[in-house]
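Okay, so here's the structure we're looking at.
In the numbering used here, the protein residues as written are 103 to 473.
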């Protein structure tokens, strides 16, 4: 996402080739749980059968259909979060165990010179935040203290090297300090809140609130609900406003609202949800004309949280279901995969894993019928 972020199923018995003869376990399309459309289990099974690599005890997602290399750091973290969305919607032992194996493998594959838990080699603060979110959510799912420790490491490291008083606060996108972006701030808010919810340490909630307030003041267009991509070091505000930045902001506002209350936070989230529906859809469908990255995934998650936690199904269910159905209807019927354009048929080409997660999440967060 941001500049680098542009490089950002009915069939359940399909296998995939992998490095060293490793392969994906056969994921069955089991029945839907408490949330999820009728196609949610099939969409998740198809994603796993297409991209999930099983190599001994390791589990990870490969980069694309035709490549066998692991998905890169931030993309792998987003892939894992899609699995966590599925678990949150329809908890199962199988999905919980997969979350644990994915996180354990992530640590093994991404360790730095300081050891298993060192990510300081990665200069991008948003990368650490996406990974930190996967580990914070992993702790909530599994109770594994190692995951919470790693989530704290990610937040602490980002805050230490990313937050300063330049531009009135906010977290720099990278250690080069050229810009403070929506995606190095909204995810930090969410991560701080998740850590606070897990260990009760008020420091994390206070820092999350300060980061939210900066994002609200500097990047949010309060007249429309759109969220600017970044603010440059000289104070220049980016004109770009994307669906994924909006989604991360909605999740951030809802996370603070969940922990502190306050009608203005609810209004902030709602305004941004309504902006996406009004200004970033084509005939009511979220779609992206740019390949090789995610688009709807963060918004599907953020909207799902906002609607579910505030019981807003009567206002937003029809939109959610229309988009879930649109995504399913343009899938590749041979693999059951949907790309990030939900208004056009998914091509039979080298689709990236991260390009396909939005449809999986949309199916997971949308109930089969209006609650």
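C-beta atoms are modelled at their ideal positions from N, C-alpha and C, and glycine is treated no differently. Computed from a prediction, not measured in an experiment: that's the story for all the values here.
{"Query": "Sort 381, 273, 400 by Cα distance to residue 346 and report the nearest one.", "Result": "400"}
{"Query": "For residue 281 versus residue 356, is the C-beta spacing smaller than 8 Å?", "Result": "no"}
{"Query": "Write down the C-beta distance between residue 274 and residue 212 rounded to the nearest angstrom, noting that I regard them as a contact closer than 8 Å.", "Result": "Residue 274 to residue 212, Cβ: 21 Å. No contact."}
{"Query": "Which same chain residues, not among the five before or five after residue 472, have their C-beta less than 7 Å away from its C-beta?", "Result": "415, 419"}
{"Query": "Assuming the contact rule is C-beta atoms closer than 8 Å, residue 173 and residue 189 should be a hit. Round their C-beta distance to whole Å, please.", "Result": "At roughly 19 Å, the Cβ-Cβ gap does not stay under 8 Å, so residue 173 and residue 189 are not in contact."}
{"Query": "Leaving out the 5 sequence neighbours to the left and right, which residues in its chain are closer than 8 Å to residue 261 when beta-carbon positions are compared?", "Result": "273, 290, 309"}
{"Query": "Given that a residue counts as buried once 16 or more other Cβ atoms are within 10 Å of its Cβ, and exposed if not, what is residue 469?", "Result": "buried"}
{"Query": "Would you give the residue range spanned by the alpha helix (DSSP H) that residue 155 belongs to?", "Result": "Premise fails: residue 155 lies in the beta strand (DSSP E), 154 to 157, not in any alpha helix (DSSP H)."}
{"Query": "Are the beta-carbon atoms of residue 442 and residue 396 separated by less than 8 Å?", "Result": "yes"}
{"Query": "If residue 351 and residue 317 are in contact, beta carbons under 8 Å, what's the gap, nearest whole angstrom?", "Result": "7 Å"}
{"Query": "What are the partner residues of residue 333, as DSSP defines its beta bridges?", "Result": "282, 339"}
{"Query": "What separation, rounded to the nearest whole angstrom, lies between the Cα atoms of residue 370 and residue 157?", "Result": "44 Å"}
{"Query": "Closest to residue 327 by CA distance: which of 314, 453, 376, 358 is it?", "Result": "376"}
{"Query": "Among 462, 220, 455, which has the Cα closest to the Cα of residue 168?", "Result": "455"}
{"Query": "On the DSSP bridge list, what partners appear for residue 322?", "Result": "329"}
{"Query": "Decide if residue 421 is buried, meaning its Cβ has at least 16 other Cβ atoms within 10 Å, or exposed.", "Result": "buried"}
{"Query": "Is the CB-CB distance between residue 201 and residue 245 below 8 Å?", "Result": "no"}
{"Query": "If contact is defined by three or more beta carbon pairs under 8 Å, each pair taking one atom from either stretch, is the region 330 to 337 in contact with the region 300 to 308?", "Result": "no"}
{"Query": "Please list the segments of the alpha helix (DSSP H) lying wholly inside the region 150 to 198, counting only runs of 4 or more residues, in order along the chain.", "Result": "175 to 191"}
{"Query": "List the residues that DSSP assigns as beta-bridge partners of residue 434.", "Result": "439"}
{"Query": "In its own chain, which residues sit with a C-beta less than 7 Å from the C-beta of residue 460, not counting the 5 before and 5 after it?", "Result": "396, 397, 398, 399, 402, 442"}
{"Query": "Please state the DSSP three-state secondary structure of residue 131.", "Result": "Reliability of the predicted coordinates at residue 131 is poor, the pLDDT of 42 falling under 50, and no value is obtained from them."}
{"Query": "For the ligand COA, any of its heavy atoms closer than 7 Å to the Cβ of residue 375?", "Result": "The model on display carries no ligand, and the ligand COA is accordingly not part of it."}
{"Query": "Assuming the contact rule is C-beta atoms closer than 8 Å, residue 236 and residue 250 should be a hit. Round their C-beta distance to whole Å, please.", "Result": "The pair is not a contact, with the Cβ atoms about 12 Å apart (cut-off 8 Å)."}
{"Query": "With DSSP as the reference, label residue 138 as helix, strand or coil.", "Result": "coil"}
{"Query": "On the DSSP letters alone, give me the boundaries of the alpha helix (DSSP H) that residue 447 sits inside.", "Result": "Run containing residue 447: none; DSSP gives neither H nor E here."}
{"Query": "Would DSSP call residue 214 helix, strand or coil?", "Result": "strand"}
{"Query": "What is the rounded straight-line gap between the Cα of residue 107 and the Cα of residue 363?", "Result": "Residue placement at residue 107 cannot be trusted, given a pLDDT of 32 that sits under 50; the coordinates are not used to answer."}
{"Query": "For residue 382, does the three-state DSSP call read helix, strand or coil?", "Result": "coil"}
{"Query": "Helix, strand or coil for residue 273 per DSSP?", "Result": "strand"}
{"Query": "What residue range does the alpha helix (DSSP H) around residue 236 cover?", "Result": "227 to 244"}
{"Query": "I'd like the list of long-range same chain contacts for residue 255, defined as Cβ closer than 8 Å, with 5 residues on each side in sequence excluded.", "Result": "219, 221, 234"}
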